[in-house]
Amino acid sequence: MNLSPQNWLRMQHYPHFLRKVLRQLGNKSQSRSSSTHKDGNPHICIVGSGPAGFYTAQQLLKGHPSLRVDIFERLPVPFGLVRYGVAPDHPEVKNVINTFTQTANNDRCSFLGNVQVGKDITVTELLKIYSAVVLAYGAAADKLLGIPGENLPNILPARTFVGWYNGLPEDKDLKVNLDTETAVIVGHGNVALDVARILLTPVDILAKTDISDYALEALRKSSLKRVVLVGRRGPLQVAFTIKELREMIKLPECRPVFHKEDFKDLEKIFPDLPRPRKRLTELMHKTCFGPTADDVKLWNEAKKEWELKFRLTPMEVLSSAGQLTGLRCAVNKLEGSNFENQKAVSTDEHIDLPCGLIFRSIGYRSLQIDPAIPFDKKQGVIPNEKGRVTGVPGLYCSGWVGRGPVGVILSTMTDGFDVGKVILKDLAEDHIPNLGRPGFQGAMKILEERGVKMVSFSDWKKIDEHEVQMGEKFGKPREKIADVQNMIKILTHEK
Amino acid sequence: MSRVSTLRVLIPKFALNFARYESTTVQFTSKKVVTCCVNRKFSSTSPKLKKETVTVYFVDFQGNKQTAKAKVGDSLLDVVVENEIDIDGFGACEGTLACSTCHLIFKKKDFDKLPEKPTDEELDMLDLAYGLKETSRLGCQIIVTKDMDGLEVEIPGGVADAREPS
Ligand SMILES: Cc1cc2nc3c(=O)[nH]c(=O)nc-3n(C[C@H](O)[C@H](O)[C@H](O)COP(=O)(O)OP(=O)(O)OC[C@H]3O[C@@H](n4cnc5c(N)ncnc54)[C@H](O)[C@@H]3O)c2cc1C
Ligand SMILES: NC(=O)c1ccc[n+]([C@@H]2O[C@H](COP(=O)([O-])OP(=O)(O)OC[C@H]3O[C@@H](n4cnc5c(N)ncnc54)[C@H](OP(=O)(O)O)[C@@H]3O)[C@@H](O)[C@H]2O)c1
Ligand code: FES
């Protein structure tokens with residue numbers, strides 16, 4: 001049987017047959033050592049090792065018998081927001097790492113950590129070396145409120161606070177003053193709930209997670225009693241999801257403060273809502289009007305609280321002698337008949353929320369990491385059609401950088417698989433070169449010449465082992481090394 | 001109570017060939033990774049009891065039917081993994097009720113017969129699933145029983161899977 005890439009792709013329509021062949025071939029059919037200069041295999045480069053990068057790689061490796069994938073990552077360590085975004089008290093979400101590890105262990109896949117694309121090697125260079133380049137570098141910035149006082153100390157992007165408690169090297173030195181009773185979080189998304197939960201969870205619970213040691217120490221000394229979550233629209237437009245809400249409602253030693261006027265009469269429209277929105281709204285309504293006896297008992301004993309506030313748009317950060325004192329918000333009304341698309345329109349009224357700490361949690365934003373990448377600065381995404389980057393043949397994008405910074409790992413996974421399928425199709429139809437690209441060897445040559453200290457997947461395994469060992473001492477699943485130099489040092493010691 | 005804690009008791013029998021990573025992640029589930037089953041190894045030391053099996057069918061949105069031998073007492077996630085049923089991304093969180101990638105759709109008559117109703121936690125996760133139906137369940141929460149012989153469940157076409165790339 002002729003196992004040309006084209007035939008291979010056609011066989012995809014017959015999954016049983018395909019699996020049989022796959023099993024015969026096994027994953028070890030081709031090894032890196034046989035990858036001589038300009039062999040006959042497609043070489044694909046993926047920029048970014050988060051879920052988008054790994055799921056795209058998985059689809060590509062599965063769908064082609066000899067294709068090779070190299071995953072470039074800015075940090076020495078893989079997994080993107082699964083390591084540096086997902087909250088430390090949600091370890092079960094991080095199980096996806098096991099699948100990513102299997103992908104990385106495939107002989108046809110290489111991880112090249114500590115390589116910043118756009119700086120250490122350019123996208124133009126990569127496009128010459130590889131058959132195709134997939135940009136899956138996520139969203140490394142965030143949206144601004146654009147209000148006076150936003151640059152004062154102790155008004156922080158939720159993104160950097162998340163990076164701080166998760167041991168992200170660039171955020172480890174964040175200055176956060178928790179010596180205040182009230183914090184305000186702007187935004188009603190899941191990141192806002194993550195931040196609120198980390199601020200309010202009893203520290204002894206957090207101490208058993210992989211939260212960074214310095215964050216744990218700071219939280220131990222925190223004086224916070226109240227976290228206020230401010231949304232610009234109403235209860236029917238919250239962006240957080242029900243699992244995360246339920247967790248907040250059941251948070252030990254903490255009580256939710258919901259205002260009856262926000263939820264009254266909502267029950268009348270329950271039957272018209274789609275199931276997820278209905279269940280979410282019902283849970284908020286029940287928390288407000290019909291909590292269980294157990295809930296009430298828990299809340300009466302609570303020492304801390306979190307509050308949901310609606311229809312408020314931040315206008316100005318209030319301060320006195322350079323110290324943050326509060327947030328002034330315009331009171332909004334909602335316009336539009338369809339509840340999903342209702343718009344917040346500010347009235348002349350405003351209110352002041354006293355607080356000593358503000359987080360802006362209104363969404364992430366992607367960056368243009370290389371001038372060769374077409375970029376929609378307004379939307380903060382790479383313009384693309386089903387993952388094919390507009391105007392640049394051979395260039396693709398996957399995950400948050402192409403779809404915008406929304407969606408759980410499931411949606412990023414679906415996108416990664418889709419983009420993988422699109423590339424396989426383009427390969428099969430000869431829209432991108434299958435042959436004659438040096439791939440890995442070509443990239444190594446450039447990076448070595450430039451003195452870039454690359455970190456391989458087996459290097460990561462050493463870092464991983466070290467972190468796990470350090471964690472064991474403190475009864476934590478791991479203690480993350482939050483300093484790139486220290487990560488590299490471990491590797492040089494090992495050698 | 002969610003099924004997760006039950007699983008902890010039910011399935012300690014499987015160990016992983018990449019056990020070193022376990023400390024990164026939650027450990028109490030079947031820990032069998034779906035996507036690359038070829039070189040999966042079990043290193044169980046406890047004697048394997050011979051379990052009763054039934055036949056279960058997984059049907060995708062194009063009507064392709066895959067047949068699986070399902071051990072009574074296993075979850076449908078276990079069944080998918082053990083039988084190497086080809087479903088992209090299935091069981092990403094490994095049965096810890098944190099992903100909804102194990103979404104399956106039952107026929108009404110089978111759905112009604114399932115011995116355990118979904119918990120709030122399962123429904124919460126299902127709310128994020130693509131192509132949610134009244135008779136949707138999460139495969140990792142469904143335990144195979146003797147009377148499931150011949151059961152046919154539908155693998156939902158993800159939003160994306162439903163269309164071919166063009
Ligand atoms: C705080 C937070 C918590 C979350 N929690 C959950 C959760 O509990 N459950 C859930 O399902 N989803 C969660 N999500 C959503 C989930 O993390 C995203 O869907 C997913 O991570 C997006 O994947 P991505 O690969 O597009 O981006 P990322 O995960 O951000 O990966 C991008 C990768 O590219 C790398 N990179 C950036 N620039 C370069 C460069 N120049 N060169 C090379 N590499 C580069 C980055 O270092 C990173 O590793 C959370 C998101 C956030 C922000
Ligand atoms: N546990 C989890 O599963 C988990 C955890 C964290 C993150 N995630 C996922 O990661 C994605 C990103 O989360 P996210 O919280 O960053 O984003 P998000 O879900 O998009 O929420 C952003 C919030 O900010 C508000 N907002 C946006 N611009 C604003 C502005 N200019 N002024 C005031 N408010 C503004 C939005 O309100 P409007 O609706 O009015 O725009 C919304 O409430 C989401 O898909 C989320 O589900 C998942
Ligand atoms: S495997 Fe994740 S919810 Fe079932």
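Order-wise, the sequence lines are chains A and B. Those letters in the first sequence? Residues 1 to 495, by UniProt numbering. Those letters in the second sequence? Residues 1 to 166, by UniProt numbering. Backbone N, C-alpha and C define an ideal beta-carbon position, used for all residues, glycine too.
Query: What I want to know is whether the C-beta of H188(A) ends up closer than 7 Å to one or more non-hydrogen atoms of ligand 2.; Result: yes
Query: Indicate the three-state DSSP secondary structure (helix, strand or coil) for D107(A) in the structure shown.; Result: coil
Query: Three-state secondary structure (DSSP) at residue 504(A)?; Result: This structure leaves residue 504(A) out entirely; chain A is present only between 1 and 495.
Query: Quick check: does the Cβ of S100(B) come within less than 7 Å of any heavy atom belonging to ligand 3?; Result: yes
Query: From the DSSP output, in three-state form, read off L145(A) for me.; Result: coil
Query: Using only the alpha-carbon positions, how far apart do V345(A) and V186(A) sit?; Result: 17 Å
Query: Could you give the C-beta distance for A52(A) and G399(A), rounded to a whole number, given that I count them as a contact under 8 Å?; Result: 2 Å
Query: From Q12(A) to A129(B), what does the alpha carbon distance come to, in whole angstroms?; Result: A caution first: Q12(A) carries a pLDDT of 40, below 50, which makes its placement in the model unreliable, though a value can still be read off. Approximately 25 Å between the Cα atoms of the pair.
Query: For C329(A), which residues of its own chain have a beta-carbon under 7 Å away from its beta-carbon, when the five flanking residues on both sides are left out?; Result: V230, L312, T313, P314, M315, H350, I351 and L353
Query: Identify whether Y130(B) lies in helix, strand or coil by the three-state DSSP scheme.; Result: coil
Query: How would you write the range of the beta strand (DSSP E) that L151(B) sits in, first residue to last?; Result: L151 to E154
Query: So, does the CB of D131(B) fall closer than 8 Å to a CB anywhere in chain A?; Result: Reading the sequence as shown, one finds Gly at residue 131(B) and not Asp. Judged by the 8 Å Cβ criterion, G131(B) is not in contact with chain A.
Query: For the region 398-417 of chain A, which residues have a beta carbon sitting closer than 8 Å to at least one beta carbon of chain B?; Result: V408, I409, L410, M413, T414, D415 and F417
Query: Taking 7 Å as the cut-off, does the CB of D120(A) come closer than this to any heavy atom belonging to ligand 2?; Result: no
Query: Buried or exposed, going by whether 16 or more other CB atoms sit within 10 Å of the CB of E301(A)?; Result: exposed
Query: If you run the structure through DSSP and keep just helix, strand and coil, what is F72(A)?; Result: strand
Query: Which residues of chain B have a Cβ atom closer than 7 Å to the Cβ of N300(A), listed in chain order?; Result: Here the premise fails: no neighbours, minimum Cβ distance about 23 Å.
Query: Do the CB positions of M487(A) and V77(A) come within less than 8 Å of each other?; Result: yes
Query: In or out: H64(A) buried (at least 16 other Cβ within 10 Å) or exposed?; Result: buried
Query: Scan the region 237-248 of chain A for residues whose Cβ lies nearer than 7 Å to a Cβ of chain B and list them as they occur along the chain.; Result: T241, I242, K243 and R246
Query: Can you find a C-beta in chain A that's less than 8 Å from the C-beta of D74(B)?; Result: no
Query: Who are T53(B)'s beta bridge partners in DSSP?; Result: K71(B)
Query: Quick check for students: name the residue ranges of the alpha helix (DSSP H) that lie wholly in the region 282-343 of chain A, counting only runs of 4 or more.; Result: 293-300
Query: Return the chain-ordered list of same chain residues with a C-beta closer than 6 Å to the C-beta of residue 550(A), the five sequence neighbours on each side being excluded.; Result: Because chain A is modelled from 1 through 495, residue 550(A) falls outside the range shown and cannot be assessed.
Query: What's the gap between the Cα of L491(A) and the Cα of I129(A)?; Result: 28 Å
Query: Any heavy atom of ligand 1 closer than 7 Å to the CB of V47(A)?; Result: yes
Query: Pick out the complete beta strand (DSSP E) segments inside the region 361-428 of chain A, 3 residues or longer, and give them in chain order.; Result: 395-397
Query: Given that R275(A) touches chain B, what residues does it touch there, using C-beta distances under 7 Å?; Result: D127 and L132
Query: Which class does R275(A) belong to by DSSP, given the choice of helix, strand or coil?; Result: helix
Query: Using a Cβ cut-off of 7 Å, pull out every chain A residue sitting near L123(B), in sequence order please.; Result: R279
Query: Cα separation between F375(A) and C397(A)?; Result: 11 Å
Query: Looking at ligand 1, does it come within less than 7 Å of D194(A), judged from the CB to the closest heavy atom?; Result: yes
Query: Using the beta-carbon of each residue, which ones in chain A are nearer than 8 Å to T101(B)?; Result: L410 and M413
Query: In the DSSP assignment, what are the bridge partners of Q66(B)?; Result: F58(B)
Query: Using 8 Å as the limit for Cβ to Cβ distance, is E94(B) near chain A?; Result: yes
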